[in-house]
Amino acid sequence: MNKITNHMPTAELQALDAAHHMHPFTDNSALARKGVRIMKSAKGVWLTDTEGHRILDGMAGLWCVNIGYGRKELAEVAAAQMQELAYYNTFFQTTHIPAIALAAKLAEIAPEPLNHVFFAGSGSEANDTNIRLVRRYWDIKGQPEKRIIIARTNGYHGSTMGAGSLGGMAGIHAHGGKIAGIVHIGEPNWWDQGGDMTPEEFGLKRARELEDMILSLGVENVAAFIGEPIQGAGGVIVPPSTYWPEIQRIVDKYGILLIADEVITGFGRTGNWFGSQTFGIRPHIMTIAKGLSSGYLPIGGSIVCDEVAEVMGSKGDFNHGYTYSGHPVAAAVALKNLEIMQDEKIVEHVRDVAHPYLLERWQGLTEHPMVGEAKLVGLMGSIALTPDKARRAKFASETGTVGYKTRERCFANDLIMRHVGDRMIISPPLIIQPEEIDELIRRAWKSLDEAYAIVKAEGLFVAR
Ligand code: PXG
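Quick note, the sequence shown lines up with residues 1 to 464 if you use my numbering.
Right, here's the structure in full:
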């Protein structure tokens, strides 16, 4: 086979990709017919593809490139660490300097009493760790029957067997099934499901489903509750203000463990280091990945509170771990990423500059005839597309039809803004500057206008 170079025509690269590459969450034969988009390089918030388009990345890759693309310092740290110690494991009573330093840094950044880190290679792996960890915790405490984990419909926790089961997405369960001992309650999605209730009433109602579920299962059988502070892959669903305080009250009352999945909301995304701080949540365990290394290398983990770590350490081995738990190169890069975030005050930039600047313009999108609500926490936002704002109506077409058409216009206008059903979502790199926000909003308006024209012309601007 010929050497693949960046000079190879896009069509040839697409043909090779279609012949040999199975993409995640993709209809691969449909993609083969259409032709995949091939990214080539990136700097800051800007991607360049093999056709020379400069694309504004409104998603930070897959919610992860928080400090932006092309940071040389991270490449240098990776190269240096590979030469110093490319790999060693953290099993068998050994460790290495990057894993020590990163665990200590995470303990410094995370809220008290979260001071202990179990490393994984991804968010999915970390959530698989969490399933085994919470069950082992109750075993050691002499309550081995406490095994059930309560999660939420339309939550996303990854796509390994365990993490996919924690997630509440029927499409994932349909492909390969779901492990036992995980149940789901409703999501705090007021726009879609709140009916005539106020957001605050609906938030309480959805939180109280946790109490009802605990009581119906028997608290003696329940190990933990897991939730994303803000559902990301589910469509950037910002819960009503009443939701998390009520969840916290219930978790405290029944003494079950609380796992905050911070894979997206961690590391500055919501304007604080962690989404748990933004919502006043006090988790026993936080799942982390993505922004931990700004996506420069794969790494994830579970940050565990003192009490859980103490119990886990009190009765022999925890028979669990990954070859790449605390991988030295990934750990060194993650540590440098966090140092850059601190030195350049990136969390403060989100909170004091980028969020307030974007908020006003993002909310302005609700003046568009097709946009109902606009939500933005930190730099995590969504808009609901609707044919009738007052009724929060859904489109008559199959859910996602209008969202997909809108996403296609964004792609055509060199803006990466995704759709989840008929919601459009953004999660740009945290280093985004006001002039780039202006450009994002310009492209979003243009794409919405074009999509609206298409939707109307096709007779799809019709309520269900
Ligand atoms: N938890 C949350 C909250 C996530 O968003 C994971 C766990 C799993 O992490 P890994 O590293 O195993 O992928 C995620 C991942 C999407 C999309 O379509 C979102 C994710 C992954 C892939 C696609 O928005 N989030």
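Using N, Cα and C, we set each Cβ at its ideal position, and we do this for glycine too.
Alpha-carbon spacing of residue i relative to residue j, whole angstroms
i              : j                 : result
aspartate 252  : methionine 213    : 15 Å
arginine 361   : isoleucine 441    : 7 Å
tyrosine 272   : arginine 33       : The sequence given here places asparagine at residue 272; tyrosine does not occur at that position. Cα to Cα, asparagine 272 sits roughly 43 Å from arginine 33.
isoleucine 67  : glutamate 439     : 19 Å
glycine 321    : glutamate 145     : 23 Å
asparagine 2   : alanine 75        : In this predicted model, asparagine 2 has a pLDDT of only 49, less than 50, meaning its place in the structure is not dependable; the value taken from the coordinates is given anyway. Distance between the alpha carbons of asparagine 2 and alanine 75 is about 28 Å.
serine 276     : aspartate 306     : 17 Å
alanine 170    : glycine 400       : 16 Å
aspartate 414  : phenylalanine 119 : 36 Å
alanine 79     : alanine 86        : 9 Å
methionine 370 : alanine 444       : 12 Å
glutamate 200  : isoleucine 185    : 18 Å
glutamate 367  : glycine 155       : 29 Å
tyrosine 404   : arginine 423      : 9 Å
glutamate 125  : glutamate 12      : 35 Å
glutamine 143  : valine 329        : 39 Å
lysine 456     : leucine 365       : 18 Å
histidine 96   : phenylalanine 395 : 55 Å
glutamate 246  : leucine 376       : 22 Å
leucine 114    : isoleucine 256    : 17 Å
tyrosine 296   : alanine 374       : 30 Å
threonine 323  : serine 302        : 16 Å
leucine 133    : leucine 210       : 21 Å
Identity of the residue in the options nearest residue i by Cα
i              : options                           : result
proline 239    : Ala103, Ser382, Ala120 and Ile288 : Ser382
alanine 233    : Val219, Ser216, Thr265 and His20  : Thr265
alanine 207    : Pro229, Ala223 and Val455         : Pro229
isoleucine 473 : Ile97, Val219, Thr26 and Glu112   : Missing from the structure shown is residue 473; the chain here goes from 1 to 464 and no further.
proline 428    : Val236, Leu335 and Glu450         : Val236
glutamate 344  : Gly400, Ile432 and Leu204         : Ile432
glutamate 408  : Ile454, Ala384 and Val377         : Ile454
histidine 349  : Arg269, Ile109 and Phe225         : Arg269
valine 353     : Ala260, Leu335 and Leu379         : Leu379
alanine 334    : Glu73, Gly142 and Gly181          : Glu73
serine 480     : Ala332, His157, Thr94 and Asn319  : An answer regarding residue 480 cannot be provided, because it is not within the stretch 1 to 464 covered by the chain.
glycine 167    : Ile179, Ala151, Ala104 and Ile288 : Ala151
tyrosine 60    : Asp317, Trp244 and Met417         : Rather than tyrosine, the amino acid found at residue 60 in this sequence is alanine. When only C-alpha atoms are compared, the closest one is Met417.
methionine 161 : Thr129, Asp449 and Glu436         : Thr129
proline 111    : Glu262, His21, Gly316 and Ile425  : Glu262
glutamine 83   : Ala224, Glu108, Ala374 and Ala332 : Ala332
asparagine 337 : His116, Pro98 and Tyr88           : Pro98
glutamine 193  : Leu114, Gln342 and Ala393         : Ala393
tryptophan 63  : Val183, Tyr137 and Phe267         : Phe267
Any non-hydrogen atom of the ligand PXG closer than 8 Å to residue i Cβ
i                 : result
isoleucine 264    : yes
histidine 157     : yes
asparagine 272    : no
valine 333        : no
leucine 258       : no
serine 124        : yes
glutamate 228     : yes
threonine 278     : no
alanine 163       : yes
phenylalanine 119 : no
alanine 11        : no
lysine 389        : no
tryptophan 244    : no
asparagine 66     : no
glycine 403       : no
asparagine 127    : yes
arginine 267      : Contrary to the premise, residue 267 reads as phenylalanine rather than arginine in this sequence. Answer for phenylalanine 267: no, Cβ out of range of the ligand PXG.
proline 298       : yes
alanine 289       : yes
glycine 301       : no
alanine 99        : no
glycine 16        : Going by the sequence as given, residue 16 is leucine instead of glycine. False, no ligand heavy atom lies under 8 Å from that Cβ.
phenylalanine 411 : no
arginine 418      : yes
alanine 233       : yes
phenylalanine 91  : no
proline 188       : no
leucine 217       : no
9 Å Cβ cutoff, residue i in contact with chain D
i              : result
asparagine 272 : Among the chains in the structure shown there is no chain D, since it carries only a single protein chain.
Residue i CB to nearest heavy atom of the ligand MG below 8 Å
i             : result
threonine 399 : The ligand MG is absent from the structure shown, which contains only the ligand PXG.
Please specify which runs of the beta strand (DSSP E), each continuous and at least 3 residues long, are wholly inside the stretch 5 to 87, giving them in chain order.
39 to 43, 46 to 49 and 54 to 57
In chain order, which continuous runs of the alpha helix (DSSP H) of length 4 or greater are located wholly inside the stretch 135 to 167?
161 to 166
Scan the stretch 193 to 248 and note each continuous alpha helix (DSSP H) run of 4 residues or more that stays entirely inside, going in chain order.
199 to 217
Unbroken beta strand (DSSP E) runs of length 3 or more, entirely within the stretch 79 to 132: which are they?
114 to 120
What are the complete beta strand (DSSP E) segments, minimum 3 residues, inside the stretch 350 to 388?
371 to 377 and 380 to 385
Report the start-end ranges of each beta strand (DSSP E) in the stretch 418 to 460 that is 3 residues or longer and not cut off at the edges.
418 to 420 and 423 to 426
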